[in-house]
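Colleague: Numbering (this note's numbering), first residue to last: 1495 to 1656.
Ideal placement from N, C-alpha and C gives every residue a C-beta, glycine not left out.
Handing you this structure, nothing more for now.
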Ligand SMILES: [Zn+2]
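Printed below as a string of structure tokens:
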């Protein structure tokens, strides 16, 4: 009999997130063909979808709530992984797995560092168009929410299918 862990492994999290991205993209394209909701057509611009998808993948592989332990996403940050160390004091599945605080903290931590880096390079991040911000943030947020949802439901679903 197959054993069910309470939460998915790192590799399973990656698979779930990639499958969810494909479902989101297929849903978007089907909405483009046959609009069911009053969905603004500007949401379907390929540049928005590409930025959203890249941000979503970055969120999956680099901004996972599992940065609260020495995990794959934590190690991918290389020498910069030190910025995530303070969150490990809150314990695994703590504050970074909160459905609201998690995405906010996971997005703001590198954003603040990036802001100062851009300031040093004399680049004004405020000049970027709003659609880039909304596409990027929604991609990151949704990837984190799917991680939290997977952690929440994995044990129950696995036991049903065993
Ligand atoms: Zn997790």
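#1: Report yes if the C-beta distance between residue 1581 and residue 1595 is below 7 Å; otherwise report no.
#2: Counting along the chain, where does the alpha helix (DSSP H) carrying residue 1627 start and finish?
#3: Alpha carbon to alpha carbon, what distance is there between residue 1648 and residue 1494?
#4: Is residue 1645 a contact residue of ligand 1, with contact defined as CB to any heavy atom under 6 Å?
#5: Three or more C-beta pairs under 8 Å: does that hold for the segment 1627–1641 against the segment 1542–1561?
#6: Quick test of your reading: residue 1634 and residue 1603, contact by CB under 8 Å. State the CB separation rounded to the nearest angstrom.
#7: Quick check on residue 1617: does DSSP put it in helix, strand or coil?
#8: Could you check the C-alpha separation between residue 1620 and residue 1655 for me, to the nearest Å?
#9: According to DSSP, is residue 1503 part of a helix, a strand, or is it coil?
Modeller: Result, derived from the coordinates:
#1: no
#2: 1624–1655
#3: Examination of residue 1494 is not possible in this model, given that the chain is present from 1495 through 1656 alone.
#4: Yes; taking the cut-off as 6 Å, the Cβ of residue 1645 has a heavy atom of ligand 1 nearer than that.
#5: A contact exists between the segment 1627–1641 and the segment 1542–1561.
#6: Contact flag wrong, Cβ pair sits at about 12 Å.
#7: Note: residue 1617 maps to coil in three-state DSSP.
#8: 49 Å
#9: coil
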